[in-house]
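See the structure below:
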């Protein structure tokens, strides 16, 4: 999650769970540039393309949203507008997350 500094609307917060998932994604040799591009779009306050199937979650993730990085790779996140923060909650496959 390193690279050139961009201007973001939201500060990005990585939860402990997300950091653990990120470690697993690195071990799985996932293309983290795909994840970084989605995070960048979200942090800028822009809408994701329809192919990412961004939607609100219910139950355990009451205020959270989910989007597809690939058809089988998901990102669960939350945006707190009044504090201008993007909280990265989890990332992985459906079976790993639910």
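Residue numbers (my numbering): 1 to 98.
Backbone N, C-alpha and C define an ideal beta-carbon position, used for all residues, glycine too.
Model, not experiment: these values are computed from the prediction.
Host alpha helix (DSSP H) of residue i (start-end)
i	result
residue 92	Where residue 92 is concerned, there is no enclosing alpha helix (DSSP H), although the beta strand (DSSP E) it sits in stretches over 85-92.
Where residue i sits in the DSSP three-state scheme
i	result
residue 8	coil
residue 17	helix
residue 96	helix
residue 58	coil
residue 66	strand
residue 74	strand
Contact belief for residue i with residue j at Cβ below 8 Å, rounded distance in angstroms
i	j	result
residue 35	residue 91	7 Å
residue 64	residue 57	5 Å
Minimum C-alpha distance to residue i - residue among the options
i	options	result
residue 70	84, 52, 83	52
residue 9	94, 60, 39	39
residue 14	50, 61, 76	76
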